[in-house]
Amino acid sequence: MRKALAVLCILVLTLAVGSTVSLAAKPVTAYTLTVASQNPASGVAITVSPLDRNGAGNGTTQFTRSYAANTVVTLTAPATSTGGSFVKWLKGTA
Numbered sequence: 004m005r006k007a008l009a010v011l012c013i014l015v016l017t018l019a020v021g022s023t024v025s026l027a028a029k030p031v032t033a034y035t036l037t038v039a040s041q042n043p044a045s046g047v048a049i050t051v052s053p054l055d056r057n058g059a060g061n062g063t064t065q066f067t068r069s070y071a072a073n074t075v076v077t078l079t080a081p082a083t084s085t086g087g088s089f090v091k092w093l094k095g096t097a
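Residue numbers (the working numbering): 4 to 97.
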């Protein structure tokens, strides 16, 4: 996963006239998960849970998803696909 820094801020306030508020934003550490396949090099449908920070879920290789730090992500690959059978997951960097 590649590390990125993102800031998400949604704020709705209802204040009385003359009220003051002080706010401090805290950046969210985000990671990019890249999912790819070998034999075949593309076109494998992968089930992804949970949805990422952008609302994206399942994908077809090769694709990326963005998650906040410490998010547990479950990837499920089919047992077989055109050109080969699932053997193992590999961890690495692109």
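Ideal placement from N, C-alpha and C gives every residue a C-beta, glycine not left out.
{"Check": "Counting only the same chain and skipping the five closest in sequence on each side, list residues whose C-beta sits under 7 Å from that of A19.", "Outcome": "none"}
{"Check": "Please state whether DSSP places F66 in a helix, a strand or coil.", "Outcome": "strand"}
{"Check": "May I ask you to verify whether the segment 85-94 touches the segment 60-73, counting CB pairs closer than 8 Å and requiring at least 3?", "Outcome": "no"}
{"Check": "Does the beta-carbon distance from V47 to A80 come in below 8 Å?", "Outcome": "yes"}
{"Check": "Within this structure, are the beta carbons of P43 and T85 separated by less than 8 Å?", "Outcome": "yes"}
{"Check": "By alpha-carbon positions, which one of V15, A33, Y34 ends up nearest to L26?", "Outcome": "V15"}
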